[in-house]
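Worksheet for the structure shown next.
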Amino acid sequence: YLMSEFYSPEHSAGVRWDDPFFNIKWPLEPSVISEKDKNWPLWKGNQNSIKFAK
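Numbering (this note's numbering), first residue to last: 3 to 56.
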């Protein structure tokens with residue numbers, strides 16, 4: 003995880019580990035994925051909802 007400030011749950015955001023937009027070819031299938039990580043939205047259509055620190 004990457005956090006640019008102190009952890010604040012109401013400001014957390016992310017994308018799915020298996021999002022087809024990124025087309026990542028993982029070398030191994032994950033053995034455990036948290037419910038939180040399974041339920042992140044797909045990037046396409048949600049990319050403007052994520053704010054990056056400057």
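For every residue, glycine included, the Cβ atom is placed at its ideal position computed from N, Cα and C.
- Query: Considering only residues of the same chain and omitting the five flanking positions on each side of residue 45, which have a CB-CB separation below 6 Å?
  - Reply: 17, 21, 23
- Query: How big is the Cα-Cα spacing for residue 40 and residue 34?
  - Reply: 10 Å
- Is DSSP giving residue 31 helix, strand or coil here? The answer is coil: DSSP assigns residue 31 none of H, G, I, E or B.
- Task: Would you identify the three-state DSSP class for residue 20, choosing helix, strand or coil?
- Result: In this structure, residue 20 counts as coil in the three-state DSSP scheme.
- Query: When the Cα atoms are used, what is the spatial distance from residue 32 to residue 26?
  - Reply: 13 Å
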